[in-house]
Amino acid sequence: MYSMKTVEDIRGLFPALQQSVYGKPLVYLDNSATSQKPQCVIDLVDGMHKGANANVHRAMHKLSDDATALYEGAREKVRQFINAPGRENIIFTSGTTASINLVASSFCRKFVGEGDVVLVSGDSHHSNIVPWQLACGAAGASVKAIPVLESGELDMEAYKELLQGSRVKIVAVEHISNVMGIVNPVKEMIALAHAQGIPVLVDGAQGIVHARVDVQDMDCDFYAFSGHKIYAATGSGVLYGRRELLEAMPPYMGGGDMVDTVTFEKTTYAPLPLKYEAGTPNFIAQASLAPALEFAQSLREGEIASVVEEQERSIIEYLKVALQEIEGCRIYGLPQRGDMEPGMPGSKIPVFSFNIEGCFPSDLAQLLDKMGIAVRTGMMCCEPLMARFGVTSMVRASFLPYNTLQEAEYFIASLKRAARMLR
Ligand code: PMP
Numbered sequence: 046m047y048s049m050k051t052v053e054d055i056r057g058l059f060p061a062l063q064q065s066v067y068g069k070p071l072v073y074l075d076n077s078a079t080s081q082k083p084q085c086v087i088d089l090v091d092g093m094h095k096g097a098n099a100n101v102h103r104a105m106h107k108l109s110d111d112a113t114a115l116y117e118g119a120r121e122k123v124r125q126f127i128n129a130p131g132r133e134n135i136i137f138t139s140g141t142t143a144s145i146n147l148v149a150s151s152f153c154r155k156f157v158g159e160g161d162v163v164l165v166s167g168d169s170h171h172s173n174i175v176p177w178q179l180a181c182g183a184a185g186a187s188v189k190a191i192p193v194l195e196s197g198e199l200d201m202e203a204y205k206e207l208l209q210g211s212r213v214k215i216v217a218v219e220h221i222s223n224v225m226g227i228v229n230p231v232k233e234m235i236a237l238a239h240a241q242g243i244p245v246l247v248d249g250a251q252g253i254v255h256a257r258v259d260v261q262d263m264d265c266d267f268y269a270f271s272g273h274k275i276y277a278a279t280g281s282g283v284l285y286g287r288r289e290l291l292e293a294m295p296p297y298m299g300g301g302d303m304v305d306t307v308t309f310e311k312t313t314y315a316p317l318p319l320k321y322e323a324g325t326p327n328f329i330a331q332a333s334l335a336p337a338l339e340f341a342q343s344l345r346e347g348e349i350a351s352v353v354e355e356q357e358r359s360i361i362e363y364l365k366v367a368l369q370e371i372e373g374c375r376i377y378g379l380p381q382r383g384d385m386e387p388g389m390p391g392s393k394i395p396v397f398s399f400n401i402e403g404c405f406p407s408d409l410a411q412l413l414d415k416m417g418i419a420v421r422t423g424m425m426c427c428e429p430l431m432a433r434f435g436v437t438s439m440v441r442a443s444f445l446p447y448n449t450l451q452e453a454e455y456f457i458a459s460l461k462r463a464a465r466m467l468r
């Protein structure tokens, strides 16, 4: 499908990677925030705006049929990609945040009451904390967190204890931390929760990008992710849900397309998945999930797969050593075992957050920017995790298969230069 034999071939498919910033070739290391887009996604978006631009599901005309086919085709692609049993399990949303808000609101309205508890992982992104706080506030329930160990891994003993005795109604856990890049043992965590009859939502914003996701094998009840982090257009997102729960929960938003019949007295709702898709969806962005996921799949399964794996492994090993060699540098999140296969529980993906003594993260990022390198700084939407490590900010460099080992080396050389300038 795509003829990619080298990392340069992959890079050649991304127009944004060809640009220079401040006269330097762009080294884009802010991939955990959003990915750059391959030409196939750009072509789909452009082509739909020029051709199949009509509202989906509504009209009896060719353009609407074409748009609907592309929208529903993307749903089928998502279903295959995560091995969901059916199309009714795949709800299109605007992203991970919207997916988690949907579950927090609808699930808590139905199943959570006074004195109940929602358990979230201590490495959670704000979008896996605040929606639960809002919903718990309305229900008279509370949010509790699974503690994070010094290594960045979740404290599984504490998790087991938290599941016992208290009135936990749902667990919401990060698949992979967006700060530390550690893959949490979600399958084990789900089995432990299910043993107590507690459903589990997995925040897969990073997991979908860096691990193979099979929702039936994982046995999660909900899996949330954003399209824009896995090469699709911004504004696309997915909520996978177990059918029984999606059936039992009330709709999240009301409006067009989510109804069966409407009278002023009473409304009945459309069958899944449309029950949760009120209003005109971002149908072009959602449709772009099809080429995006095909592209992601070809990186994992095509002839390029071994090159991608080898490169990822060498970038992780290189950065672990090179960052720690910088005087005063602390990496947040180094799993206790260093030998796990990338993507497996307890492994680290190429996401490195760190601080260098005597340097403000924002100063480092500004200097790196002038050298052509885009990194992220700040709290990374994880203030409680920052507090856990006693800091208010970190620098994060995050990699995708289009990033080269040479870029990682240039990043380290530039970081050393920037640190020297600041200290
Ligand atoms: N969870 C995690 C782990 C994330 O990394 C992000 C994005 N940084 C989100 C949730 C929120 O994703 P979005 O902004 O696309 O809704």
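Sequential numbering from 46 applies to the sequence shown in our numbering.
Just so you know, even glycine gets a beta-carbon here, dropped at the ideal spot from N, CA and C.
None of these values were measured; they are calculated from a predicted model.
query	result
Is Cys426 near the ligand PMP, in the sense that its beta carbon is under 7 Å from a heavy atom of that ligand?	yes
Against chain C, does Ile191 count as a neighbour if the rule is that its beta carbon must be under 8 Å from one of theirs?	No chain C is part of this structure, which consists of one protein chain only.
Nearer than 7 Å: is that true of the beta carbon of Ala250 relative to any heavy atom of the ligand PMP?	yes
Output yes or no for whether 8 Å exceeds the beta carbon distance between Gly57 and His255.	no
So what does Glu219 bridge to, in DSSP terms?	Asp248
Scan the stretch 352 to 417 and note each continuous alpha helix (DSSP H) run of 4 residues or more that stays entirely inside, going in chain order.	406 to 415
By the three-class DSSP mapping on this structure, what secondary structure does Leu207 have?	helix
Less than 8 Å between the beta carbons of Lys274 and Thr79, yes or no?	yes
Three-state secondary structure (DSSP) at Ile349?	coil
Within 10 Å of its beta-carbon, does Glu452 have 16 or more other beta-carbons around it, so buried, or fewer, so exposed?	buried
Mind listing, in chain order, the continuous beta strand (DSSP E) runs of no fewer than 3 residues lying wholly within the stretch 128 to 191?	135 to 138, 162 to 166 and 187 to 191
From which residue to which residue does the beta strand (DSSP E) around Leu284 run?	Gly282 to Gly286
For the 8 Å Cβ check, are there 3 or more pairs between the stretch 249 to 269 and the stretch 119 to 134?	yes
Assign His170 to buried or exposed, taking buried as 16 or more other Cβ atoms, counted over all protein chains shown, within 10 Å of its Cβ.	buried
Below 7 Å, is the gap between the Cβ of Thr142 and the nearest heavy atom of the ligand PMP?	yes
Out of Ala315, Gly299, Thr308 and Val247, point me to the one whose CA is closest to Gly286's CA.	Val247
Quick check: what's the CA-CA separation for Lys471 versus Cys427?	Limits of the chain in this structure are 46 at one end and 468 at the other, which puts residue 471 out of reach.
Do you know offhand how far Ala341's Cα is from Glu310's?	47 Å
Determine, using beta carbons only, whether Gly249 and Ala269 come nearer to each other than 8 Å.	yes
Near Leu467, what residues of its chain come up, given a Cβ to Cβ distance below 6 Å and the 5 sequence neighbours on each side ignored?	Cys404 and Asp408
Report the three-state DSSP secondary structure of Pro336 (helix, strand or coil).	helix
Taking 8 Å as the threshold, find out whether the stretch 374 to 381 comes into contact with the stretch 230 to 246 through three or more Cβ pairs.	no
Name the two residues that bound the continuous alpha helix (DSSP H) containing Ala432.	Glu428 to Arg433
When you measure from the CB of Ala203 to every non-hydrogen atom of the ligand PMP, does any distance come out below 7 Å?	no
Any chance the stretch 307 to 327 sits against the stretch 170 to 179, with 3 or more Cβ pairs inside 8 Å?	no
Of the choices Val420, Asp110, Met105 and Asn100, whose alpha-carbon is the least far from that of Asp302?	Asn100
Indicate the three-state DSSP secondary structure (helix, strand or coil) for Thr437 in the structure shown.	coil
With which residues is Val90 paired in a DSSP beta bridge?	BP columns for Val90 are empty, so no partner.
Inspect the beta-carbon positions of Val224 and Arg382 and report whether they are closer than 8 Å.	no
If Leu334 sits next to Ser281, beta carbons under 8 Å apart, how far is it from one beta carbon to the other, in whole angstroms?	5 Å
Give the secondary structure of Gly312 by DSSP, where H, G and I count as helix, E and B as strand, and everything else as coil.	Sequence check: residue 312 is Thr here, not Gly. Looking at Thr312 - three-state DSSP - the assignment turns out to be strand.
Distance, Cα to Cα, Ile227 vs Glu233?	15 Å
How big is the Cα-Cα spacing for Gly299 and Glu133?	18 Å
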